[in-house]
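2 protein chains.
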Amino acid sequence: MAASPKDPRPCSIADALALVGEKYSLLVLREVCLGNGRFDQLVRNTGAPRDVLATRLRRLVDAGILAKRLYSERPQRFEYRPTRAGLELEPVLLTLKDWGDRHLRQDGDLPMLLDHSCGETFVPVVTCRACGGEARHEGLTARPQTPGWTVSGPTAA
Amino acid sequence: MAASPKDPRPCSIADALALVGEKYSLLVLREVCLGNGRFDQLVRNTGAPRDVLATRLRRLVDAGILAKRLYSERPQRFEYRPTRAGLELEPVLLTLKDWGDRHLRQDGDLPMLLDHSCGETFVPVVTCRACGGEARHEGLTARPQTPGWTVSGPTAA
DNA sequence: TTCGTAAGTTGGAAATTCAAACCCTCCCGT
DNA sequence: ACGGGAGGGTTTGAATTTCCAACTTACGAA
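These protein sequences, in sequence, are chains P and Z.
Mapping the first sequence onto my numbering, position 58 (from 1) lands on 72, and the numbers just tick up by one.
Mapping the second sequence onto my numbering, position 125 (from 1) lands on 139, and the numbers just tick up by one.
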């Protein structure tokens, strides 16, 4: 069956959000990346209801973003850890955190700081792999690859 | 009233997701950043139901992420555009798109390419503002600023 | 034996989502 | 004047999800 006229734009952002865009999923990933991968920790730290958490964890494991690891037999107890693919979502968390730090809080009451191995406090900058320059909206041009899906020129503020 | 024992971890990621983490919100931002800011374009390109879209748009405007702009009086017609704060969420979209491109598609069937002003195809890299090095999980140490909220050491794959 | 911990599952009420239809204002062609 | 059609929503009612509390299972400790 072909694309119906009501299909949305084909897009990797949409596909990614279909996996990790549900409520709590990225908070779960945050905790797991912080090393807090046990069920009860995830409940406490994310605020997710236990049943929703169980559903999210199944989905993230199925998607290959998290892996379940046994940390105790008798009684059997598991903990969740990020896979390679999960760790590669960390840049999304870092840029989101930075945005929240800058726009949703005044000044210095940041709930968490990150130290980089270079010795300084970590602040993320998104750069171009080719030239190393910081990504700016005006420097980017979208080129849709699917016939029928266009964009409407640049958007100035 | 103090923090009840069931409050989740204070976190800018959580705060950011409370604003833009609902279904369709980031897709709306994507379209608006592409210059497709009209209601019917947003319906078609994101797939959001019209009522949900109206709710999301109100929220994003209230949050100062989008602004409503009149592009025609008589009949009055509006279009939505990103504010400065909205544009600053673009790095989140860029890193999410890159993750989706790399993990959710095989090979070269990418639905959209970005050209950078340097002349090359744009691929995002998240780097440290201080040293310029690429952000890697092992190079980052989380330092929670709120008493009672800890992390459990590094997480290796 | 009873308590406590960890990792879920279950049941039912409450909140959201969805699709389709509807509304209102205007512009246009005849 | 009349009948579309476009654009930007709102309304309605059914289908899904979410939420919360309680329950379960499997152990280890006192």
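By construction, the Cβ of each residue, glycine as well, lies at the ideal position given by its N, Cα and C atoms.
None of the values given here were measured: they were computed from a predicted structure.
Burial state of residue 17 (chain P) is exposed, judged by a 10 Å Cβ sphere holding fewer than 16 other Cβ atoms.
If you look at residue 119 (chain Z), you'll find it isn't in any beta strand (DSSP E); DSSP assigns it neither H nor E. Within the same chain, 93, 94, 95 come within 6 Å of residue 51 (chain Z) by CB-CB distance, once the 5 residues on both sides are set aside. Around the beta carbon of residue 74 (chain Z), 16 or more other beta carbons sit within 10 angstroms, so the residue counts as buried. Residue burial annotation: residue 84 (chain P) is exposed, with fewer than 16 other C-beta atoms found within 10 angstroms of its C-beta. A straight line joining the alpha-carbon of residue 124 (chain Z) with that of residue 87 (chain P) spans about 44 Å. The three-state secondary structure of residue 82 (chain P), taken from DSSP, is strand. When DSSP states are grouped into helix, strand and coil, residue 87 (chain Z) belongs to the coil group. By the beta-carbon neighbour count (other beta carbons within 10 angstroms, threshold 16), residue 45 (chain P) is buried. Looking from the CA of residue 145 (chain P), the closest CA among Z:131, Z:157, Z:38, Z:156 belongs to Z:131. For residue 92 (chain P), the nearest beta carbon of chain Z is not closer than 7 Å to its own beta carbon. Residue 99 (chain P) carries a helical assignment under DSSP once its states are collapsed to helix, strand and coil. Straight across, the Cα-Cα distance linking residue 89 (chain Z) with residue 23 (chain P) is about 28 Å. Residue 130 (chain Z) has P:154 as its beta-bridge partners, per DSSP. Taking a C-beta cut-off of 9 Å against chain P, the contacting residues of the segment 59-71 of chain Z are 59, 60, 61, 62, listed in chain order. By the C-beta density criterion, residue 115 (chain Z) is buried, having at least 16 other C-beta atoms within 10 angstroms. By the CB criterion at 7 Å, residue 99 (chain P) and residue 79 (chain P) fall inside the cutoff. The Cβ neighbour count for residue 49 (chain P), taken over all protein chains shown within 10 Å, is at least 16; the residue is labelled buried.
Annotation: Cβ neighbours of residue 159 (chain P) in chain Z (cutoff 7 Å, chain order): 124, 125, 126, 127. Comparing alpha-carbon positions, the option among Z:113, Z:55, Z:34 lying closest to residue 33 (chain P) turns out to be Z:113.
Residue pairing by DSSP places residue 94 (chain Z) opposite Z:82 in a beta bridge. Taking 7 Å as the cut-off, the Cβ atoms of residue 42 (chain P) and residue 60 (chain P) count as close. In the DSSP assignment, residue 160 (chain Z) falls outside any beta strand (DSSP E), carrying neither H nor E.
Between residue 135 (chain P) and residue 139 (chain Z), the C-beta gap is not smaller than 7 Å, which leaves the two residues out of contact. For residue 89 (chain P), there are no neighbours in chain Z by C-beta distance under 8 Å, as the nearest C-beta there is about 20 Å away. When beta bridges are read from the DSSP output, residue 148 (chain Z) appears opposite Z:141. A Cβ-Cβ distance of about 5 Å is found for the pair residue 158 (chain Z) and residue 126 (chain P), placing them in contact under the 8 Å criterion. With contacts defined by Cβ atoms closer than 7 Å, residue 111 (chain Z) and residue 26 (chain P) form a contacting pair.
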